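The structure appears right after this line, and notes come after that.
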Amino acid sequence: MATDPSEYDKAIPIVAAHLAKVERAVSQTRSSHAGQPYKTVRQALLEALQHEDAQRVVPQVVDEFARRISEEPEQLPF
């Protein structure tokens, strides 16, 4: 079962746009919640993904992002 290569070309901009939304949500969550408890970070990340209209992220990926953000040193305000 072969897939037409042009189908990939059509999908690339859609995938790139989705990844950009995910990246914005992760970045926003990292800057506002680094070093906070995992549950707090995970909830904030889910809300940021929803705000970006990027809810379709594999749950294990959300968990890993949240874990990494919660383990980062807390950001200083200056």
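Its first residue numbered 1, the sequence shown is counted upward by one per residue in my numbering. C-beta: ideal position from N, C-alpha, C; glycine also. Small disclaimer: the values here were computed from a predicted structure and weren't measured.
- For Gln55, the secondary structure class from DSSP, reduced to helix, strand or coil, is coil.
- In the DSSP assignment, Thr3 falls outside any alpha helix (DSSP H), carrying neither H nor E.
- Pro73 and Arg56 have their C-alpha atoms some 28 Å from each other.
- Of the candidates Ala44, Ala54, Val62, Ala54 places its Cα closest to the Cα of Val15.
- Remark: C-beta atoms of Ala34 and Ile12 do not approach each other more closely than 8 Å.
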